[in-house]
Amino acid sequence: MNRSLAAACLVAVGIVGAQAQDVRQIVDEAQRRSSAASQRYEGLLQVFEAKGRVSDKRWTLERLGSHGNSRAILKFTAPAEVKGVALLIVNHPDRASDQWMWTPAIERDRRIALQDRSTRFFGTDFSFEDLEERDVNQYDYQLIGEETVDGASCWKVQSVPKERKSSQYSRSVVWIRKDNYAFARIESYVKDAVVRRLDYSDIENVQGIWTARRLEMTDLRRGSRTRLTLDKLQYNGPMNEEDFTLQALRRQ
Amino acid sequence: MKRVAVLVTAILLSWIAPASAQPVSSRGFIEGRLFVFPQAAALDHQHFIVDLLVREELSARPTDWLRLQGGIDFRANNGGQVDASWEPDIRDRGIKRPILSIRRLDATVTRRRLTVDAGKQFIRWGKTEIVTPTDRFAPRDYLNVFDTEYLAVPGVRVVGQLGNHSVDGVWVPVFTPSRVPLPGKRWTVLPPGAPIVEEVDRAIPEGQQAGLRWAYVGSGYELSASFFDGFNHLPIVEPVGPLDFRLAFPAMRMYGGDVVVPSRWVTVKAEGGYFTTDNPLADDYVLYVIELERQHGELLAAGGYAGEYVTSARAAGRFAPDRGMTRAFIGRAAYTFDPNRSAAIEAAVRQDFAGIYVKAQYSQADGDHWRTTVAMAALGGDSDDFLGQYRRNSHVVLSLRYSF
Numbered sequence: 000m001n002r003s004l005a006a007a008c009l010v011a012v013g014i015v016g017a018q019a020q021d022v023r024q025i026v027d028e029a030q031r032r033s034s035a036a037s038q039r040y041e042g043l044l045q046v047f048e049a050k051g052r053v054s055d056k057r058w059t060l061e062r063l064g065s066h067g068n069s070r071a072i073l074k075f076t077a078p079a080e081v082k083g084v085a086l087l088i089v090n091h092p093d094r095a096s097d098q099w100m101w102t103p104a105i106e107r108d109r110r111i112a113l114q115d116r117s118t119r120f121f122g123t124d125f126s127f128e129d130l131e132e133r134d135v136n137q138y139d140y141q142l143i144g145e146e147t148v149d150g151a152s153c154w155k156v157q158s159v160p161k162e163r164k165s166s167q168y169s170r171s172v173v174w175i176r177k178d179n180y181a182f183a184r185i186e187s188y189v190k191d192a193v194v195r196r197l198d199y200s201d202i203e204n205v206q207g208i209w210t211a212r213r214l215e216m217t218d219l220r221r222g223s224r225t226r227l228t229l230d231k232l233q234y235n236g237p238m239n240e241e242d243f244t245l246q247a248l249r250r251q
Numbered sequence: 509m510k511r512v513a514v515l516v517t518a519i520l521l522s523w524i525a526p527a528s529a530q531p532v533s534s535r536g537f538i539e540g541r542l543f544v545f546p547q548a549a550a551l552d553h554q555h556f557i558v559d560l561l562v563r564e565e566l567s568a569r570p571t572d573w574l575r576l577q578g579g580i581d582f583r584a585n586n587g588g589q590v591d592a593s594w595e596p597d598i599r600d601r602g603i604k605r606p607i608l609s610i611r612r613l614d615a616t617v618t619r620r621r622l623t624v625d626a627g628k629q630f631i632r633w634g635k636t637e638i639v640t641p642t643d644r645f646a647p648r649d650y651l652n653v654f655d656t657e658y659l660a661v662p663g664v665r666v667v668g669q670l671g672n673h674s675v676d677g678v679w680v681p682v683f684t685p686s687r688v689p690l691p692g693k694r695w696t697v698l699p700p701g702a703p704i705v706e707e708v709d710r711a712i713p714e715g716q717q718a719g720l721r722w723a724y725v726g727s728g729y730e731l732s733a734s735f736f737d738g739f740n741h742l743p744i745v746e747p748v749g750p751l752d753f754r755l756a757f758p759a760m761r762m763y764g765g766d767v768v769v770p771s772r773w774v775t776v777k778a779e780g781g782y783f784t785t786d787n788p789l790a791d792d793y794v795l796y797v798i799e800l801e802r803q804h805g806e807l808l809a810a811g812g813y814a815g816e817y818v819t820s821a822r823a824a825g826r827f828a829p830d831r832g833m834t835r836a837f838i839g840r841a842a843y844t845f846d847p848n849r850s851a852a853i854e855a856a857v858r859q860d861f862a863g864i865y866v867k868a869q870y871s872q873a874d875g876d877h878w879r880t881t882v883a884m885a886a887l888g889g890d891s892d893d894f895l896g897q898y899r900r901n902s903h904v905v906l907s908l909r910y911s912f
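As you go down the protein sequences, you meet chains A and B in turn. For the first sequence, the numbering used here begins at 0 and goes up steadily by one. For the second sequence, the numbering used here begins at 509 and goes up steadily by one.
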């Protein structure tokens with residue numbers, strides 16, 4: 000999931016010359032190292048409201064493929080009243096994803112339109128768009144500096160989606176660790192204001208893939224944050240393509 | 509039937525026992541609701557109705573390709589809406605809600621691109637809100653006409669998927685009618701001068717039903733075409749003597765379809781169906797809905813027009829909420845304040861303002877399990893209008909739910 004969120008927010012400004020080549024190599028390598036045939040985890044979501052109230056949710060995520068060639072199903076398992084709510088995400092290499100949400104109480108699925116992707120996903124600080132997983136080719140990049148995040152030296156990469164209307168964010172800044180190409184932080188902008196910050200921590204090597212076990216998304220406009228803790232994380236487990244369709248979503 | 513009910517109950521219980529041996533999940537709730545009707549109706553002076561529902565749903569996946577699902581409801585009600593028998597009911601064909609019912613019980617087998625679902629299940633094809641013309645396998649409980657719930661139907665559903673195309677075939681061997689308002693209660697409104705009856709006979713057809721739906725999911729649109737051959741789950745009034753009548757469920761064919769087109773600003777949804785019958789007392793007609801949907805921040809709003817065009821008018825009398833909500837502007841909006849609080853409003857306004865229905869509700873969760881909801885439904889209009897005839901049935905609902 001961390002890779003999905005990172006890729007979704009990977010936005011940069013294109014430049015020319017040798018620096019552009021360098022930054023492109025960095026993001027390509029980051030994508031290559033995070034690629035997996037499949038991913039599965041159980042996530043604990045803790046939503047910290049601005050007023051101090053904390054609520055917990057749990058979901059499981061199964062993903063087949065990686066980045067722009069992937070499909071994922073996210074299913075809430077707790078609390079009881081949202082149990083069974085599920086989201087199907089079909090990612091495309093050249094455009095924004097298609098998404099459908101299944102609500103078991105009314106036995107209906109609803110397509111999440113592109114203009115609706117900036118909406119918070121089920122009361123968390125992640126938007127629907129933040130759950131997408133995009134290919135690096137959908138963005139232009141610029142290396143804008145180097146900084147240390149949580150003691151790790153990082154490249155600071157800025158990006159912009161090539162198709163401006165495909166994203167709620169006008170640009171993002173991504174910190175990529177130099178030692179393992181894992182993401183350390185992403186700040187996403189609307190116009191010139193940072194609206195969301197995603198921090199990665201507890202980064203571990205899981206089956207050869209450096210993975211953050213804890214992600215914290217802060218909605219800077221609302222003053223709330225959501226912490227996602229990954230449990231029972233598995234890469235490259237067996238999965239079937241037919242379990243990632245609209246029909247499969249309705250079976251959730 | 510009793511043996512079948514006991515058997516399925518045993519099967520459901522057997523799923524619980526080996527829960528540690530197979531991936532079994534469950535969800536359920538206990539909900540108490542208080543309905544307050546400020547006005548007395550012509551046939552019913554009861555102002556307070558208390559309703560209790562306990563629901564447990566189980567799902568088991570013994571293998572990758574097999575999924576078993578079941579659900580049980582327990583109900584109680586002080587308004588005479590629940591049957592007196594404690595016998596578990598799987599057919600859901602009674603005029604009252606059963607005390608103990610098998611809400612659903614089905615098995616789903618998935619092999620590559622083919623999915624077969626057999627058993628008592630929910631089948632919904634419609635895409636639009638409030639009025640869904642193509643939902644022909646989805647009878648409802650209309651004991652409260654504006655607070656309905658879908659009833660599952662027994663059958664087999666086969667879905668084949670090839671790329672972005674899917675074909676959905678349904679066969680239902682046993683007909684399930686919608687549960688209509690009870691005689692003598694406030695949701696039954698009789699014409700002036702009509703005799704008050706305690707019971708109404710129903711002629712429930714024993715034939716089978718079938719349907720076919722092709723759907724295509726494109727990157728910028730979804731569309732489908734559907735065909736249904738069976739019976740209307742909503743009744744017409746059929747005379748059986750000079751002063752006697754019964755409720756009949758006429759044979760029906762539907763040719764329908766829907767389309768969803770997300771655009772930059774709104775999502776456009778349209779759904780329609782042409783209904784034809786060989787019953788001399790039932791109409792041929794077209795129902796259609798066109799609506800726009802937009803999510804802006806935490807606000808989800810949908811609104812549009814539901815229309816009806818009668819191509820051949822024959823019916824003497826009917827109970828048809830689906831048609832009763834047409835020739836009207838319809839809308840629904842929901843706003844989420846935070847993870848625990850939300851509000852919603854839905855409305856239908858007749859195009860000539862002869863009838864109006866508005867329902868507003870506020871819902872608040874407390875912790876992981878409790879949720880309180882307050883809703884108010886207002887009804888008004890002319891006595892000969894479907895919405896207006898219920899103008900003395902405006903009400904407030906207070907519900908408390910514990911989910912587990």
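Glycine included, every Cβ here is placed at the ideal spot set by N, Cα and C.
Around Val667 (chain B), the beta-carbon contacts reaching into chain A at under 7 Å are Gln246. Between Ala29 (chain A) and Ile175 (chain A), the C-beta gap is smaller than 9 Å, which places the two residues in contact. Going by C-alpha positions, Ile580 (chain B) is about 12 Å away from Lys628 (chain B). Less than 9 Å divides the Cβ of Leu245 (chain A) from the Cβ of Asp108 (chain A).
Ala211 (chain A) sits buried, since 16 or more C-beta atoms from the chains shown fall within 10 Å of its C-beta.
Interface flag for Gln803 (chain B) against chain A is set, since a Cβ pair is found closer than 9 Å. In the structure shown, Glu128 (chain A) adopts helical secondary structure according to DSSP, grouped into three states. Between Met760 (chain B) and Phe739 (chain B), the gap from beta carbon to beta carbon is short of 9 Å.
For Pro713 (chain B), the closest of B:Ser871, B:Leu808, B:Gly726 and B:Pro758 by C-alpha to C-alpha distance is B:Pro758. Residue-level contact check: Ala549 (chain B) does not touch chain A, since none of the beta carbons of chain A fall below 9 Å from its beta carbon. When the beta-carbon positions are compared, Lys867 (chain B) and Glu779 (chain B) stay at least 9 Å from each other. Using a Cβ-Cβ cut-off of 9 Å, Arg52 (chain A) counts as an interface residue toward chain B, since at least one Cβ of chain B sits closer than that to its own. Taking CB atoms only, Asn90 (chain A) has no neighbour in chain B less than 9 Å away. The DSSP-derived three-state label of Pro713 (chain B) is coil. The C-beta distance from Leu566 (chain B) to Glu539 (chain B) rounds to 18 Å, too long to meet the 8 Å contact threshold.
Burial check for Asp572 (chain B): the Cβ neighbour count within 10 Å stays below 16, so the residue is exposed.
Interface flag for Val768 (chain B) against chain A is set, since a Cβ pair is found closer than 9 Å. Between Ser686 (chain B) and Arg648 (chain B), the C-beta gap is smaller than 9 Å, which places the two residues in contact. Among the bridge pairs identified by DSSP, Pro689 (chain B) is matched with none. Scanning chain B for C-beta atoms nearer than 8 Å to the C-beta of Thr210 (chain A) yields nothing, as the closest lies near 25 Å away.
The three-state reading of DSSP puts Asp218 (chain A) in strand, counting E and B together. Of all residues in the region 123–139 of chain A, none has a C-beta nearer than 7 Å to a C-beta of chain B. With 16 or more other CB atoms across the displayed protein chains lying within 10 angstroms of its CB, Ile88 (chain A) is buried. Put simply, the backbone Cα of Phe630 (chain B) is about 13 Å away from that of Val666 (chain B). Comparing C-alpha distances from Asn672 (chain B) to each of B:Phe845, B:Glu637, B:Ala723 and B:Glu706 shows the shortest one belongs to B:Ala723. The three-state secondary structure of Asp892 (chain B), taken from DSSP, is coil.
Shown here, Ser902 (chain B) sits in coil according to DSSP, grouped into three states, outside any helix or strand. DSSP places Ala810 (chain B) in the uninterrupted beta strand (DSSP E) bounded by Leu807 to Ser820. Under a criterion of Cβ atoms nearer than 8 Å, the residues of chain A adjacent to Glu806 (chain B) are, in order, Thr118 and Arg119.
Excluding five sequence positions before and after Leu43 (chain A), the CB atoms of its chain that fall closer than 6 Å to its own CB belong to Arg57 and Thr228, given in chain order. In the DSSP secondary-structure assignment, Ile610 (chain B) is bridged to B:Ile580. Just measuring C-alpha positions, the residue of B:Leu751, B:Arg772 and B:Ala711 sitting nearest Pro743 (chain B) is B:Ala711.
Using a Cβ distance threshold of 9 Å, Arg52 (chain A) and Arg62 (chain A) do not count as a contacting pair.
Under the Cβ criterion of 9 Å, His877 (chain B) is counted among the residues facing chain A. Cβ-Cβ separation between Glu80 (chain A) and Thr59 (chain A): approximately 17 Å, too far for a contact (criterion under 8 Å).
When DSSP reads this structure, Arg195 (chain A) sits in a beta bridge with A:Ser187 and A:Asp218.
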